[in-house]
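Peer 1: Please read through the structure below; I'll follow up with questions.
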Amino acid sequence: LVLVLGDMHIPHRAVDIPEKFKKMLVPNKMQHVLCTGNMVTKEQYDELRGLAPNVHIVRGDFDEWFVNPGSITGAYSTCTQYVQPTLHLPQICHVHQDGRRDVVPSFILMAIQGPKVVAYVYELKDGDNVVVSKTEFVKQHDK
Numbered sequence: 001l002v003l004v005l006g007d008m009h010i011p012h013r014a015v016d017i018p019e020k021f022k023k024m025l026v027p028n029k030m031q032h033v034l035c036t037g038n039m040v041t042k043e044q045y046d047e048l049r050g051l052a053p054n055v056h057i058v059r060g061d062f063d064e065w066f067v068n069p070g071s072i073t074g075a076y077s078t079c080t081q082y083v084q085p086t087l088h089l090p091q092i093c094h095v096h097q098d099g100r101r102d103v104v105p106s107f108i109l110m111a112i113q114g115p116k117v118v119a120y121v122y123e124l125k126d127g128d129n130v131v132v133s134k135t136e137f138v139k140q141h142d143k
C-alpha cells in the first residue's frame with residue numbers, strides 16, 4: 001500500500017490530523033508514504049516515518065523543514081540546493097476549491113499490483129463522516 005497526502009499545514013492551519021484518520025493510519029501497514037508538500041515541520045515528517053519505512057516528500061511552499069534526499073537514503077550528499085519543480089499538480093490532500101474556505105480533509109491509499117492500481121480516496125465529510133471512493137487504473141499492454 002502507498003499512502004498519498006499533502007498540504008497538512010500542521011500546526012499553522014490545523015492542530016493535527018483528524019482523529020478518525022489517525023485511527024485508520026496504522027503503522028507498518030503501508031510500504032510507502034508520498035507527501036506532495038506542505039508537511040511544514042520535522043514533527044510531521046517523524047509522524048509519517050512512523051507509518052511506513054519509505055517516506056518520499058516534495059518540498060512545499062510553506063515547508064519550514066526539508067529533508068535533503070541524501071539523508072532519507074542514508075547517503076552522504078554535499079548538495080543542498082533545492083530545485084523548484086516546473087510541473088505543477090493540484091495538491092492531493094484536499095479538494096481543489098473554487099475560492100471557498102471549506103477544505104475537505106482527505107488522503108489516498110493506493111494498492112499497486114503489476115499493471116493495476118486501485119486508488120481509495122478517503123474524505124472526511126460533515127466533520128465526522130468518512131466517505132471512501134474507489135477507482136481502478138490498469139495499464140494497457142503495448143501491442
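Read in order, the letters of the sequence shown correspond to residues 1 to 143 in UniProt numbering.
Even glycine gets a Cβ: it sits at the ideal position worked out from N, Cα and C.
#1: Do the segment 38-51 and the segment 118-129 touch if we need at least three Cβ pairs shorter than 8 Å?
#2: Spatial neighbours of Pro105 within its chain, please: C-beta separation below 6 Å, excluding the five flanking residues on both sides.
#3: Indicate whether Tyr122 and Met24 have their beta-carbon atoms separated by less than 8 Å.
#4: Using three-state DSSP, classify Lys20 as helix, strand or coil.
#5: If you drop the 5 nearest sequence neighbours on each side, which residues of the same chain put their C-beta closer than 8 Å to that of His141?
#6: With a CB to CB cut of under 6 Å and the five nearest residues on each side skipped, what residues in its chain are close to Val55?
#7: Are Ala111 and Val103 close, meaning C-beta to C-beta below 8 Å?
#8: Since I believe Tyr120 is in contact with Lys134 (beta carbons under 8 Å), could you give me their beta-carbon distance rounded to a whole number of angstroms?
#9: Where Phe137 and Leu1 are concerned, what is the direct C-alpha to C-alpha distance, given to the nearest angstrom?
#10: Val132: which of His12, Lys20, Pro11, Ala14 sits nearest, CA to CA?
#11: Whole angstroms are fine: how far does the CA of Gln44 sit from the CA of Val15?
#12: Which class does Gln113 belong to by DSSP, given the choice of helix, strand or coil?
Peer 2: Taking the definition as stated:
#1: no
#2: Pro18, Leu124
#3: yes
#4: helix
#5: Excluding five sequence positions before and after His141, the CB atoms of its chain that fall closer than 8 Å to its own CB belong to Pro115, given in chain order.
#6: Val33, Leu48, Arg49.
#7: no
#8: 5 Å
#9: 15 Å
#10: Lys20
#11: Straight through space, the alpha carbons of Gln44 and Val15 are spaced by roughly 11 Å.
#12: strand
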